[in-house]
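*Asks:* First, the structure itself, so that you have it in front of you.
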Amino acid sequence: MGDVERGLKLIEEARMLYEKGDSHDHQQGLGWYWILQADLANAGLIRREPNEVIELTTRALDILKPIENWPGVARAFAARAKAHEKLGDEQQASKDRLEQQVYEGRISPEEETD
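Under our numbering, the first residue of the sequence shown carries the number 130, and numbering increases by one thereafter.
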């Protein structure tokens, strides 16, 4: 098993652990799991269609917005914008980029250095 395969296996093991809990940390981990999946797909490291990437980022947003994880929300919008760009939907990609900027503006200096 190569490094990429081992890494993907570890990520899946983490997802299973995150799904078993309901704490803030579990929710945060699961939200970021979906972002990581979207980013890996956008980078071509795993196979996903752009519509699937949009679904992954929507899952992340559904988890991270209620817990006010603004860095994750901003990252999810960035990943979703890339998927819309791949579909040729520049209008929706622009909307997602604007949302990304809004949520980046909510990140406090303390969060950026943590």
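Every residue, glycine too, gets a C-beta built ideally from N, C-alpha and C.
#1: Work out the CA separation of Gly131 and Ile192 for me, nearest whole Å.
#2: Output yes or no for whether 8 Å exceeds the beta carbon distance between Trp163 and Leu185.
#3: Roughly how many angstroms lie between the CA atoms of Gln166 and Ala208, to the nearest whole one?
#4: Apart from the five residues on each side of it in sequence, which residues of its chain come closer than 7 Å, Cβ to Cβ, to Gly160?
#5: I'd like to check one pair, Ala210 with Arg226: are the Cβ atoms closer than 8 Å?
#6: By the three-class DSSP mapping on this structure, what secondary structure does Gly158 have?
#7: Helix, strand or coil for Gly217, going by three-state DSSP, please let me know.
#8: How many Å lie between Ser152 and Glu233 at the Cα?
#9: Which two residues bound the contiguous alpha helix (DSSP H) that contains Pro179?
#10: Using beta-carbon positions only, say whether Ala203 and Pro179 come within less than 8 Å of one another.
*Replies:* In terms of the structure at hand:
#1: 31 Å
#2: yes
#3: 10 Å
#4: Ala189, Ile192, Leu193, Asn198 and Gly201
#5: yes
#6: helix
#7: coil
#8: 24 Å
#9: Pro179 to Leu193
#10: no
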